[in-house]
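Student:
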Ligand code: PDD
């Protein structure tokens, strides 16, 4: 069945959705995006995604494509029109359509497109056994704090992971893990979650923010510092977070079993807390 998608003010069947070849997203990856989870027909943590979108647009001096309330209505309409019980809404803003030039064109309108994807977020079978991951060099640019659509380096990393039978790749820079190709990275020692502090080197994940809040509420310690792949191999537990995975246990890194290859208590608890809140709406 064809999805209903959104393109610059119109809801249309996906096969009728068209964007110009002169769109700067297409020519320069001059755009930003957000992925918002949907559980029980409701957007999860929507406000955090809008806050980050606002920041991404500001950092790139890109104009809003619509008003803030219009963006929310558009998200809700996509859920309703597609009868989306569980999955994600992907939305992207680009600098718009102009003849090809590197500097910013004057008087263009930002483009806005969005579409739903059905996914099993709550009952994700991977969460029972945990996933395998690999490490790979971080080939990305210096402003990873901006959620741009320039994703070739993450695609290379993810493809390498899949070729090796793994679900994700943790990227490594100067000997330290930065983050996953499309997720934030964590290890656990005892009752302490260890993760890289926010900087231009990683994306400030909305799921990461929610995880921090829930950890504090439930007496789980968080230590923000850099860690190496070797430290991760020896950790009690490891996991990743993202809007489409929530809290996902990792039971193998580069062929080495983590926590005896079992899903550990801290990640199990954090996933449960997250699912509870998402389902409560
Ligand atoms: N990716 N780091 C990177 C590089 C990401 O691409 C993502 C999300 C995250 C986690 O952010 P959040 O918790 O807000 O989803 C961290 C999305 C899901 C994607 O590209 O599909």
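Numbering (the numbering used here), first residue to last: 3 to 283.
Beta carbons are placed, not taken as given, at the ideal position from N, Cα and C, and that holds for glycine.
Along the chain, where does the beta strand (DSSP E) containing residue 122 start, and where does it finish?
Tutor: Neither: residue 122 is in no beta strand (DSSP E) and is coded neither H nor E.
Student: If we require 4 or more residues per run, which alpha helix (DSSP H) segments fall completely within the segment 188 to 219?
Tutor: 208 to 219
Student: Rounding to the nearest angstrom, what Cα-Cα distance links residue 192 and residue 180 in this structure?
Tutor: C-alpha separation (whole angstroms): 22 Å.
Student: Quick one: is the Cβ of residue 137 within less than 7 Å of any heavy atom of the ligand PDD?
Tutor: no
Student: Between residue 175 and residue 239, what straight-line distance do the alpha-carbon atoms span, to the nearest angstrom?
Tutor: 22 Å
Student: How big is the Cα-Cα spacing for residue 250 and residue 220?
Tutor: 18 Å
Student: Any chance the CB of residue 156 is under 7 Å from a heavy atom of the ligand PDD?
Tutor: yes
Student: Need the endpoints of the alpha helix (DSSP H) that residue 71 sits in, please.
Tutor: 70 to 83
Student: With distance defined between alpha-carbon atoms, name the residue in 210, 116 and 170 nearest to residue 16.
Tutor: Between residue 16 and the set 210, 116 and 170, the nearest pair of CA atoms involves 116.
Student: At which residues does the beta strand (DSSP E) containing residue 173 begin and terminate?
Tutor: 170 to 175
Student: Between the Cα of residue 74 and those of 48, 60 and 55, spot the shortest distance and give me the residue it belongs to.
Tutor: 48
Student: Can residue 64 and residue 95 be called in contact, C-beta distance under 8 Å?
Tutor: yes
Student: Contact between the segment 148 to 157 and the segment 264 to 273 is defined here as three or more beta-carbon pairs at a separation below 8 Å; is this criterion met?
Tutor: Result no; under three Cβ-Cβ pairs closer than 8 Å.
Student: So residue 41 and residue 281 are in contact, right, with Cβ under 8 Å, and what is the actual spacing, rounded?
Tutor: The distance from the Cβ of residue 41 to that of residue 281 is about 6 Å, consistent with a contact at the 8 Å cut-off.
Student: Among the candidates 177, 69 and 201, whose CA atom is the shortest distance from the CA of residue 144?
Tutor: 201
Student: Residue ranges of each beta strand (DSSP E) run of no fewer than 3 residues wholly in the segment 15 to 59, ordered along the chain?
Tutor: Here the runs fully enclosed are 33 to 41.
Student: Under three-state DSSP, which class holds residue 186?
Tutor: strand
Student: When the Cα of residue 135 is compared with those of 67, 31 and 259, which residue comes out closest?
Tutor: 259
Student: Taking C-alpha atoms, which residue in 188, 92 and 171 lies nearest to residue 214?
Tutor: 188
Student: Following a CB-centred definition, is residue 150 positioned closer than 7 Å to any heavy atom of the ligand PDD?
Tutor: no
Student: What residue range is occupied by the uninterrupted beta strand (DSSP E) comprising residue 89?
Tutor: 88 to 96
Student: Going by the beta-carbon positions, is the gap between residue 222 and residue 195 smaller than 8 Å?
Tutor: yes
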